[in-house]
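**Q** Chains as they are written, first to last, in the numbering used here: chain U, 1 to 164; chain C, 165 to 1007.
Take this structure first; my questions come after.
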């Protein structure tokens, strides 16, 4: 009988411990930020074509429940079709080819502190390609966004970069 | 290596053993006596198949049909006799041999214990009662019945244990939520050292060779130094054969989910004091199946071919050799093992971002291994020796290991790497990373049994690591590391029931990481000039660490109950990756940066345990509370990397105060004689109390889970022995405590079925075990799987069959009673030999 009591006590303690642990959920940010390219005039969107020597204004909407962090834009060649968009829509690709001198762009950008919504307004200037310096063809346009807490979201777009 | 194994065939070993033995006989010619005996149960019925072992000398036999046994070749003197039989309490006594002697033993039924399989000796129980930390002990029978993709997965069912997996065959042990470099894995008392920090490869240990596993749940830094802050997994391989036997076994296993086929052949021989084991294992598997047609890697969807995880096939080959001398006062063993493995990574999720793959290449066969894959070779040479003197025991261990890991992946230029891989770098364009690590270990332990009440242990452990790197991608620099630690432990028994233990340890460590510069130039803009430089990714770091650790523990074992408590301070040195990482993690598409100024982790932990064992009920509760002053944590930041990576998110190593607590409940209840009900509950809570992630948990926090088990176990059914049917119903709670980049993992329920038996054939027991894992083919996610981050579900229904066929085992001296010394005998002898730390050995 004594034994039984002790066992019951142990089980009750264990139960209380687990219950109290579960119910104590701190008020911490558990939401990821969102990359939205469905806004009006969003640029670029999947399957867009960009041209060397021209400048574009990037229009991408970022939102977060608490506070946005930073974002990065990265553009690299996709001549061997290694990457494709995170969008369902598939773009038409040029035939696979070996890179000779593909264009690379890596840049990170700050978002003013304390924002929960931000629409980019940065200018992307592609180098002029007067003399056939860079390879044209399929490129991958990769956007990475964080919030202040370190949650992140990614979006990959297929674009073409051509000579006008 | 090959040369050694080819030239040592079994016949030569046996000849060698016999010839040495003859010399032994000549030099020790004394009066030889015989011990005859009888073993009966409570009703005076003879027990056939009971195991008898005499110490010193580890002479073993089993009883015949009339419960009788004979052990001959005994010199004059006093021997300790231990008699055990499954389901009965083991008996210990002393026998004095002044002439031929007879002995009668009566065994009584044993109470229920918390062991998942019947272990015929009482070593495990004694060990649990003397160790103030909570431990779990299992034998090879348990491992066979719960065979998983790796030795760690086979242990996953134990309370408080889980694994961090990458695919079905690669796992790292996790004890109460702590893993990687916070858990020490010992193989034959020497620390197994590979690249523990990496989740992308498992432990380089042949799971068929593992005979006994002891898991210490809680900080064991006192005995093993830095890294044992979360616990220890102590593996013993290669049983010592019973005296004068020669034989072997064949193990074959198959798994349906990944078309796994594996086989292991073991040969052994022992002539008096000399013994040898040889084991060769080969296994291979195809891409594993998941109950899904596609995988959503972040926001990118990868279609699967026939529901198989593309390119996760693999294979492994290993050879284990041990030779030893087992004398009455001195014993020594040499272990040599060499393991090769090659396993593919899920092809869509390796690199800088989720990738398109050439489905024509990757889906052509589900057995081929294309890039990305990893290759590992682990060579290990260990010597263990022990000298038993009157009141002092000395143990020494020496180890050499070479761990060689390569990760092969197509060259992907990122940062300012050239678009096409240049030919003058000295390595292949496809060699992403290479690690070559040389590890030298030395241990010395001395035990002094002052009297019946008190004993003292002194120990010294030291290791030297030399880690070299290669490949085109950088994550950690080359480094050299030296550690040395010494401890003193005292144990005082107030009575047989009440034992106090206290220990103190000092550790010193030095690490020197090498400078690393990029092999390619990057543009550096200096006002108006742009210069191209080979950037420094890691500066040389020289750090010294030292720490004093201590622990105090108490065990109280009144009758059916046993209680324990332990309070201790432990520490862990930061590793090279935490100090100096600076590169892309291609498995998580993240950029990881170390901090050269990290301080060693210091933790305090209070452990308690209560266990009850009666005839029908066994119950255990093991709670713990743990506080880290400065837990080293890889913190996801809001920043992006520009110069070296691909615009990946930056993760920084940082330190935070962490509070953890949890418990395990383990219970067995005998419903009716052959039917047993089991319950395992495990729970861990952890919270960061400071730093940028204050309020968050730690990564890969295991969710609360429980297993309800029904087991039907019969020692004898017709020609079957130890027949069992076991049904596990596992319920895992939703894990809501997450930290970036994790996602909430929904709770799940899984049913696993196991059945098996030993089949008596001639003199041998063929053991067969069958498991059906995920019987209902549920689709669920495992929060502690590395592939969880990529939204990869766990494997679907998996049928696992394992057959173990022993052969030989004949006594070399043609004594009837020496025949068929069974596996249990070997278990037992093994337990007596150079197990874990000597200070825990029962006397």
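We treat Cβ as the ideally placed atom computed from N, Cα and C, and that holds for glycine.
(1) DSSP has residue 234 of chain C in a bridge; who is on the other side?
(2) Check whether the segment 587–604 of chain C touches the segment 562–574 of chain C, taking contact to mean three or more Cβ pairs, one atom from each stretch, closer than 8 Å.
(3) Note down, in chain order, every chain C residue with its Cβ under 9 Å from the Cβ of residue 101 of chain U.
(4) Kindly confirm or deny that the segment 420–429 of chain C and the segment 949–962 of chain C touch, where touching means at least three C-beta pairs closer than 8 Å.
(5) Name the DSSP beta bridge partners of residue 930 of chain C, please?
(6) Name, please, each residue of chain B whose Cβ falls closer than 8 Å to the Cβ of residue 810 of chain C.
(7) Under 8 Å, Cβ to Cβ, is there at least one residue of chain U near residue 813 of chain C?
(8) Roughly how many whole angstroms lie between the Cα atoms of residue 873 of chain C and residue 834 of chain C?
(9) Under the DSSP definition of a beta bridge, which residues are partnered with residue 210 of chain C?
(10) Determine the DSSP secondary structure at residue 1091 of chain C, reduced to helix, strand or coil.
(11) Which of the residues in the segment 324–347 of chain C, read from start to end, lie with their CB under 8 Å from any CB of chain U?
(12) Pull up the DSSP beta-bridge partners for residue 161 of chain C, would you.
(13) Which word fits residue 691 of chain C, buried or exposed, when buried means at least 16 other C-beta atoms lie within 10 angstroms of its C-beta?
(14) Please list, in chain order, all residues of the same chain as residue 801 of chain C whose beta carbon is under 6 Å from its beta carbon, the five residues on each side excluded.
(15) In angstroms with no decimal places, state the Cα-to-Cα distance between residue 1009 of chain C and residue 943 of chain C.
(16) Looking at C-alpha atoms only, which residue of C:497, C:970, C:538 is the closest neighbour of residue 510 of chain C?
(17) Should residue 929 of chain C be flagged as near chain U, meaning a C-beta pair shorter than 8 Å?
(18) What do you get for residue 696 of chain C, buried or exposed, if any count of 16 or more other CB atoms within 10 angstroms of its CB means buried?
(19) Using the C-alpha atoms, what's the distance from residue 782 of chain C back to residue 893 of chain C?
(20) Please report how far the alpha carbon of residue 860 of chain C lies from the alpha carbon of residue 356 of chain C, in whole angstroms.
(21) Kindly give me the distance between the Cβ atoms of residue 678 of chain C and residue 643 of chain C, rounded to whole angstroms, as I take these residues to be in contact under 8 Å.
(22) Starting from the C-beta of residue 876 of chain C, find all residues in its chain whose C-beta is less than 6 Å away, skip the five residues before and the five after it, and write them out in chain order.
(23) Can you tell me where the beta strand (DSSP E) with residue 526 of chain C in it begins and where it stops?
(24) For a quick check, are the C-beta atoms of residue 137 of chain U and residue 155 of chain U less than 8 Å apart?
(25) What does DSSP give as the partner residues of residue 631 of chain C in its beta bridges?
(26) Quick one: grab the DSSP three-state call for residue 316 of chain C.
(27) Are there 16 or more other CB atoms within 10 angstroms of the CB of residue 122 of chain U, so buried, or fewer, so exposed?
(28) Could you tell me the distance, in whole angstroms, from the CA atom of residue 152 of chain U to the CA atom of residue 32 of chain U?
(29) For the ligand ZN, I want to know if residue 50 of chain U counts as a neighbour, meaning its beta carbon is within less than 7 Å of at least one of the ligand's heavy atoms.
(30) What residues from the segment 440–459 of chain C come within 9 Å of chain U, judged by C-beta to C-beta, listed N to C?
(31) Classify residue 393 of chain C as helix, strand or coil using the three-state DSSP reduction.
(32) Beta carbon of residue 391 of chain C, beta carbon of residue 441 of chain C: below 8 Å?
(33) Could you tell me whether any Cβ in chain U is nearer than 8 Å to the Cβ of residue 821 of chain C?
(34) Here's the rule I'm using: 16 or more other beta-carbon atoms within 10 Å means buried, otherwise exposed. How should residue 244 of chain C be labelled?
(35) Taking C-beta pairs closer than 9 Å, name the residues in chain U that residue 799 of chain C reaches, listed in chain order.
(36) Leaving out the 5 sequence neighbours to the left and right, which residues in its chain are closer than 7 Å to residue 901 of chain C when beta-carbon positions are compared?
**A** Reading off the structure:
(1) C:200
(2) yes
(3) 583
(4) yes
(5) C:923
(6) Absent here is chain B; the protein component of the structure consists of chains U and C.
(7) yes
(8) 12 Å
(9) C:204
(10) Residue 1091 of chain C cannot be examined here, being either before or after the span of chain C that is shown, 165 to 1007.
(11) none
(12) Given that chain C is displayed from residue 165 to residue 1007, the structure contains no residue 161 of chain C and the question cannot be resolved.
(13) exposed
(14) 814, 816
(15) Only positions 165 to 1007 of chain C appear in the structure, and residue 1009 of chain C is not among them; the question remains open.
(16) C:538
(17) no
(18) exposed
(19) 19 Å
(20) 32 Å
(21) 6 Å
(22) 838, 839, 889
(23) Residue 526 of chain C -> not in any beta strand (DSSP E); alpha helix (DSSP H) instead, spanning 523–526.
(24) no
(25) C:601, C:643
(26) helix
(27) exposed
(28) 6 Å
(29) In terms of ligand content, the structure shown is empty, and the ligand ZN therefore cannot be addressed.
(30) none
(31) coil
(32) no
(33) no
(34) exposed
(35) 150
(36) 861, 865
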